[in-house]
Ligand SMILES: Nc1ncnc2c1ncn2[C@@H]1O[C@H](COP(=O)(O)OP(=O)(O)O)[C@@H](O)[C@H]1O
Ligand SMILES: [Mg+2]
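In the working numbering, the protein residues as written are 40 to 266.
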């Protein structure tokens, strides 16, 4: 476990070192080349920061009781805004996002929820879907709200989970394809953190493949009616 994280940090740190040494040694006059080297250094520094932040967040989750900070949201507005964000970050792939909300309550009132944690669960799931879904693919987010729970399903038209991964994807540091995933600070914590946060909200989460192919994650959260 520690070995795998050390390995994930070692690669960007070695790149930073290599490029910094070149900057010192080569007396680069070419401004463009100089800038390119600095860009690489910055990009890899960001990767390191991302990994360290993940580790810190995870040890917080493991070590201390987690407080829920409730605030009031309108679930439809919230998911619509999130989808706009997801479209923005995946615009190179021209993915289609589909949002389907069924609110069974009469009053369609607001819900009280820890928005930051809910958002993190959504991000960890949908960012995986974006990653594993090829250009022009589809990501469907379905949401049902009843009197005390929110049920969310995210399905994509990507590769789906490898059969051997399905029972492990929520484990800490589990990565299906280790060679691909250490890029961009993907260290196998996304779904582990999502599961923890869902459980803190008194919910359950599961992963499965759609019949026609593609991955699905389904979870539910208890929400408060007032705080
Ligand atoms: N939408 C998806 N489609 C296919 N495989 C997925 C999807 N989401 C997650 N996985 C698999 O589950 C593993 C664990 O996911 P995650 O915990 O987010 O870790 P990471 O993204 O760092 O690899 C991934 O490495 C991948 O093998
Ligand atoms: Mg992930």
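Just so you know, even glycine gets a beta-carbon here, dropped at the ideal spot from N, CA and C. These figures come from a predicted structure and were not determined experimentally.
For residue 88, DSSP assigns no beta-bridge partner whatsoever. Relative to ligand 2, even the nearest heavy atom lies 7 angstroms or more away from the CB of residue 145. In chain order, 139 and 192 place their CB closer than 6 angstroms to the CB of residue 181, counting only its own chain and leaving out the 5 sequence neighbours on each side.
For secondary structure counted as the alpha helix (DSSP H) over 4 or more consecutive residues, the segment 135 to 161 holds no complete run. By the CB criterion at 8 angstroms, residue 168 and residue 195 fall inside the cutoff. A contact is defined here as three or more CB-CB pairs under 8 angstroms, and the segment 94 to 106 meets this definition with respect to the segment 223 to 237. Under a 10 Å Cβ-count criterion, residue 225 is classified as buried, with 16 or more other Cβ atoms of the shown protein chains found around its own Cβ. Close CB contacts of residue 54 within its chain, under the 7 angstroms cut and outside five residues either way in sequence, are with 79 and 83 (chain order). Cα atoms of residue 142 and residue 92: separation of roughly 36 angstroms, rounded to the nearest angstrom.
Short note on residue 229: C-beta closer than 7 angstroms to some heavy atom of ligand 1. For the 8 angstroms CB-CB criterion, residue 178 and residue 165 form a contact.
DSSP places residue 58 in the helix class (H, G or I) of the three-state scheme. The beta carbon of residue 43 lies closer than 6 angstroms to those of 212 in the same chain, with the five residues before and after it left out. Residue 114 and residue 47 do not touch by the CB rule: their CB atoms are close to 35 angstroms apart, not below 8 angstroms.
A straight line joining the alpha-carbon of residue 124 with that of residue 135 spans about 13 angstroms. The residue from 88, 208 and 148 with its alpha-carbon nearest to that of residue 263 is 148. In this structure, ligand 2 has a non-hydrogen atom nearer than 7 angstroms to the beta-carbon of residue 166.
Under the DSSP assignment, residue 192 falls in the beta strand (DSSP E) whose first and last residues are 188 to 195.
In chain order, 215 place their CB closer than 6 angstroms to the CB of residue 204, counting only its own chain and leaving out the 5 sequence neighbours on each side.
Just so you know, the alpha carbons of residue 260 and residue 176 end up roughly 28 angstroms apart. Contact between residue 154 and residue 112 holds, with the beta-carbon distance rounding to 6 angstroms and staying under 8 angstroms.
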